[in-house]
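Q: Structure below; questions to follow.
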Amino acid sequence: MKEYHLARDPYFRKWILEDDEEAERFWTNWVAENPEEENKVLAAKAFLLTLRGKDTDLSDTELELMARNVINQPSATISPASKKTWLRRLAASVALVLLTGLGYYVYVSKNGVIPPFTGINEVILDDFREVSNTTNALKKVKLADGSTITLYPKSKVKFPEDFNRNERSVYLTGQAFFEVVKNAQKPFWVFTEDISTQVVGTSFMVKAFEGAKESNVEVKKGKVLVYTRKDLKTAQKGQKNTLPGMMIGSNQKVSFTKSEEKLVKSIIEAPEQIEKIDARLFRLEEEPVAVVFERIEKVYGIPINYDAQSMAECYVTANLEGDALFRKLDLICKITHSSYEIADGQIIVYSKGCY
Amino acid sequence: MVERTDTQWWTEMKEGDETALGVLLKKHFNPLLNYGYRFVKDEDFVKDCVQEVFIEIWQRRQRLQVPDSVRAYLLGSVRKKVLRESYRQHIIRDDSGFMEIADHTAGFDRSAEWVLIENETVTEINEKVRRSIHKLSKRQQEVLYLQYFQDLSREEISGIMNINMQSVSNLLQTAFTSFRNHWTTMAFFVLIYYKIMHSVCATVFFKI
Numbered sequence: 000m001k002e003y004h005l006a007r008d009p010y011f012r013k014w015i016l017e018d019d020e021e022a023e024r025f026w027t028n029w030v031a032e033n034p035e036e037e038n039k040v041l042a043a044k045a046f047l048l049t050l051r052g053k054d055t056d057l058s059d060t061e062l063e064l065m066a067r068n069v070i071n072q073p074s075a076t077i078s079p080a081s082k083k084t085w086l087r088r089l090a091a092s093v094a095l096v097l098l099t100g101l102g103y104y105v106y107v108s109k110n111g112v113i114p115p116f117t118g119i120n121e122v123i124l125d126d127f128r129e130v131s132n133t134t135n136a137l138k139k140v141k142l143a144d145g146s147t148i149t150l151y152p153k154s155k156v157k158f159p160e161d162f163n164r165n166e167r168s169v170y171l172t173g174q175a176f177f178e179v180v181k182n183a184q185k186p187f188w189v190f191t192e193d194i195s196t197q198v199v200g201t202s203f204m205v206k207a208f209e210g211a212k213e214s215n216v217e218v219k220k221g222k223v224l225v226y227t228r229k230d231l232k233t234a235q236k237g238q239k240n241t242l243p244g245m246m247i248g249s250n251q252k253v254s255f256t257k258s259e260e261k262l263v264k265s266i267i268e269a270p271e272q273i274e275k276i277d278a279r280l281f282r283l284e285e286e287p288v289a290v291v292f293e294r295i296e297k298v299y300g301i302p303i304n305y306d307a308q309s310m311a312e313c314y315v316t317a318n319l320e321g322d323a324l325f326r327k328l329d330l331i332c333k334i335t336h337s338s339y340e341i342a343d344g345q346i347i348v349y350s351k352g353c354y
Numbered sequence: 000m001v002e003r004t005d006t007q008w009w010t011e012m013k014e015g016d017e018t019a020l021g022v023l024l025k026k027h028f029n030p031l032l033n034y035g036y037r038f039v040k041d042e043d044f045v046k047d048c049v050q051e052v053f054i055e056i057w058q059r060r061q062r063l064q065v066p067d068s069v070r071a072y073l074l075g076s077v078r079k080k081v082l083r084e085s086y087r088q089h090i091i092r093d094d095s096g097f098m099e100i101a102d103h104t105a106g107f108d109r110s111a112e113w114v115l116i117e118n119e120t121v122t123e124i125n126e127k128v129r130r131s132i133h134k135l136s137k138r139q140q141e142v143l144y145l146q147y148f149q150d151l152s153r154e155e156i157s158g159i160m161n162i163n164m165q166s167v168s169n170l171l172q173t174a175f176t177s178f179r180n181h182w183t184t185m186a187f188f189v190l191i192y193y194k195i196m197h198s199v200c201a202t203v204f205f206k207i
């Protein structure tokens, strides 16, 4: 008897897969009588058990309950017309637009209307392209929509083979810089283990290494919405009507710490100017501090919070041309006897006023 | 009383017989769960998917045909459901392979009381079989899984995976070739280690 025959033998399967005692006795005896078949039996057994994998079986009680659930499920308002499919498709696309547009999402199937099996092409599901960077250098990946991914070492991305067809989704492990081509109709999503980032058109960096305590998204230019995967899942299940995303803009950053499971907004380490202005505008001469702050906000895209009233008498005379953002702030604060801190992705200036 | 077939239960289920639905669900739910879990390693998610497949069947029962093979129909529906929902909910599917790397050694422990178990050869064989399977491509593993674990015919497999019969045969063929090559190499090592001639694994494991 060949192993593969054994693996398909109903009585053998009864022993291995159903733990049947009688079948076990039979096969134990059989092996005792045919010791030369012992290894075939062992191999067939190992083969079946490996194929079965993890035991996910539900108990009889759970199955009983499940059957009741299925029967008692409120019946869907299905009318046997072909219109229905069209309506559902429309509903699905509306839901998607809402998700991306207003931060609102309706999970159709939980409301009793079960989406049909058709709609998504299997090919998309099965055909993911995967690019990994095992080198020590950066690796450029060009996407069908013209967007580019700069993949950092020890990182990999996965995306549907026919990217751009329905929705632009990239799955990332590790670190990558994204330059996304604007297309409001097709939002660009980056999914990592803990966080999801939604983009309209922008360039930003996502860092989410496997096993790392923290993952983060840094925006170079533009605006992105960051969600925790958990919140997104909850929202999609229809338990929440609003998506608890966190909006960040240029030079801002969101971090997710595994231990705290929440998103924290801050500013990236070395903000760069996103708007080119005449550098001489930072050669300041008796310039009201409000004007200077406004200029900085515009150039770096980072909001500055300060008490305009108490700083009304503050003027700045300094050459800040060519200084990095934080150096500029240090100097301004020194001159105006104030201090600043970064909270929630903004710069907050504390001042006792200038006299 | 003669045991009723799936097709008979299905026909009665179509008439609105709740017992028939219960019988079909209880018989098929666990194997379906096992199959879905191959694609997404999230038991709750897969449970929801399988349940939704049954809900849909129950609610549309009057308009459904009686499938040639109820089991193949259910497996195919679960496959589509899981793939589709995981895509829609942006769940990252486990792509480490169709079979799990960890965890299934658990299954082997159950037979500790079996007379022949407590020796190293057994552990070796388990490990080798496992490794041979993991060396196969995802699709090869899936075909093997459907044929041997779910005990389906090639025709049924082709329906579920949405590929033609020839492709199923080719996948099985290449799976066995690769399996055989790997197994023979391994058998060589087993020979060295245990100095057991012929009887161990020197025989080609699978022939097709």
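Residue numbers (numbering that gives the first Met the number 0), protein chains in the order written: chain A, 0 to 354; chain B, 0 to 207.
We treat Cβ as the ideally placed atom computed from N, Cα and C, and that holds for glycine.
If you're wondering where the values come from, they're calculated on a predicted model, not measured in any experiment.
Given that B/Arg70 touches chain A, what residues does it touch there, using C-beta distances under 8 Å?
A: Neighbours of B/Arg70 on chain A: none; closest Cβ ~14 Å, over 8 Å.
Q: Where B/Gln165 and B/Leu145 are concerned, what is the direct C-alpha to C-alpha distance, given to the nearest angstrom?
A: Straight across, the Cα-Cα distance linking B/Gln165 with B/Leu145 is about 16 Å.
Q: Sort A/Ala66, A/Val298, A/His336 by Cα distance to A/Ser309 and report the nearest one.
A: A/His336
Q: Would you call the stretch 130 to 137 of chain B in contact with the stretch 23 to 42 of chain A, where contact means no fewer than 3 C-beta pairs closer than 8 Å?
A: no
Q: Quick one: is A/Tyr354 buried, meaning 16 or more other Cβ sit within 10 Å of its Cβ, or exposed?
A: exposed
Q: Does any CB atom of chain D fall closer than 7 Å to the CB of A/Ala45?
A: Here the protein chains are A and B, and chain D is not one of them.
Q: Hey, would you say A/Ser195 sits closer than 7 Å to A/Lys206, going by beta carbons?
A: no
Q: Can you list, in chain order, the residues of its chain whose CB lies under 6 Å from that of A/Gln197, leaving out five sequence neighbours each side?
A: Pro186, Trp188, Leu224
Q: Cα-Cα, which of A/Ala342, A/Ser154, A/Asn304, A/Met65 is closest to A/Ser350?
A: A/Asn304
Q: Under 7 Å between C-beta atoms, does A/Thr149 make it to chain B?
A: So, not an interface residue.
Q: Just how far apart, CA to CA, sit A/Val407 and A/Asp277?
A: The structure shown has nothing for residue 407 of chain A, since chain A only spans 0 to 354.
Q: Nearest chain B C-beta to A/Val218 closer than 7 Å, yes or no?
A: no
Q: With a floor of 4 residues, list each alpha helix (DSSP H) that falls wholly inside the stretch 114 to 191 of chain A, ordered by position along the chain.
A: Along the stretch 114 to 191 of chain A, the alpha helix (DSSP H) occurs as fully enclosed runs of 4 or more residues at 121 to 125, listed in sequence order.
Q: Between which two residues does the alpha helix (DSSP H) harbouring A/Ala323 extend?
A: No alpha helix (DSSP H) holds A/Ala323; DSSP gives it neither H nor E.
Q: According to a CB-to-CB cut-off of less than 9 Å, which residues of the stretch 130 to 160 of chain A neighbour chain B?
A: Lys157, Pro159
Q: Quick check on DSSP: helix, strand or coil for A/Met310?
A: coil
Q: The alpha helix (DSSP H) spanning B/Leu29 covers which residue range?
A: Checking the displayed sequence, the identity of residue 29 of chain B turns out to be Asn instead of Leu. Run containing B/Asn29: 17 to 35, per the alpha helix (DSSP H) assignment.
Q: Answer with yes or no whether the minimum CB distance from A/Leu64 to chain B is below 7 Å.
A: no
Q: Name, in chain order, the residues that DSSP records as bridge partners for A/Lys220.
A: According to DSSP, residue pairing for A/Lys220 in a beta bridge involves A/Ser202.
Q: Ignore the nearest five residues each way along the sequence and tell me which others in A/Phe255's own chain have a CB closer than 6 Å to its CB.
A: Asp193, Ile194, Ser214, Leu262
Q: Between A/Val69 and chain B, is there a C-beta pair that is closer than 7 Å?
A: yes
Q: Counting contacts by CB-CB distance shorter than 7 Å, is A/Leu50 in contact with chain B?
A: Taking 7 Å as the threshold, the shortest C-beta distance from A/Leu50 to chain B falls below it.
Q: For A/Asp343, which residues from the same chain have a beta carbon less than 6 Å from its beta carbon, with the 5 sequence-adjacent residues on both sides left out?
A: Lys264
Q: Identify, in the order they occur along the chain, each residue of the same chain with its Cβ nearer than 6 Å to the Cβ of A/Met204, setting aside the five sequence neighbours on each side.
A: Phe176, Glu217.
Q: Is it right to say B/Lys127 is buried, meaning 16 or more other beta carbons lie within 10 angstroms of its own, or is it exposed?
A: Under this definition B/Lys127 is a buried residue.
Q: In the DSSP assignment, what residue or residues form a beta bridge with A/Met245?
A: A/Val225
Q: Using CA coordinates, which residue listed in A/Gly248, A/Glu285, A/Ala183, A/Thr172 is at the minimum distance from A/Thr149?
A: The residue with the shortest Cα to Cα distance from A/Thr149 is A/Thr172.
Q: Would you identify the three-state DSSP class for A/Ser350, choosing helix, strand or coil?
A: strand
Q: Cβ atoms of A/Thr55 and B/Tyr36: under 7 Å apart, would you say?
A: Against a cut-off of 7 Å, the Cβ pair of A/Thr55 and B/Tyr36 comes out as a contact.
Q: Output needed in chain order: residues of the stretch 174 to 202 of chain A with a Cβ under 8 Å from some Cβ in chain B.
A: Trp188, Phe190, Glu192, Ser195
Q: Could you check the C-alpha separation between B/Asp16 and B/Thr6 for me, to the nearest Å?
A: 14 Å
Q: Quick check: the Cα distance between A/Ala183 and A/Pro159, rounded to an integer number of angstroms?
A: 19 Å
Q: Which term fits A/Tyr359, buried or exposed, when burial requires 16 or more other beta carbons within 10 angstroms of its beta carbon?
A: Any answer about residue 359 of chain A is impossible in this case: the structure gives chain A only from 0 up to 354.
Q: Considering only the alpha carbon of each residue, which of B/Asp47, B/Gln61, B/Leu32, B/Ile54 lies closest to B/Lys13?
A: B/Gln61
Q: Can you confirm whether A/Thr55, when its beta carbon is compared against all beta carbons of chain B, has any partner nearer than 7 Å?
A: Yes - at least one Cβ of chain B is within 7 Å of the one on A/Thr55.
Q: Opposite A/Tyr339 in the DSSP bridges: which residues?
A: A/Val348
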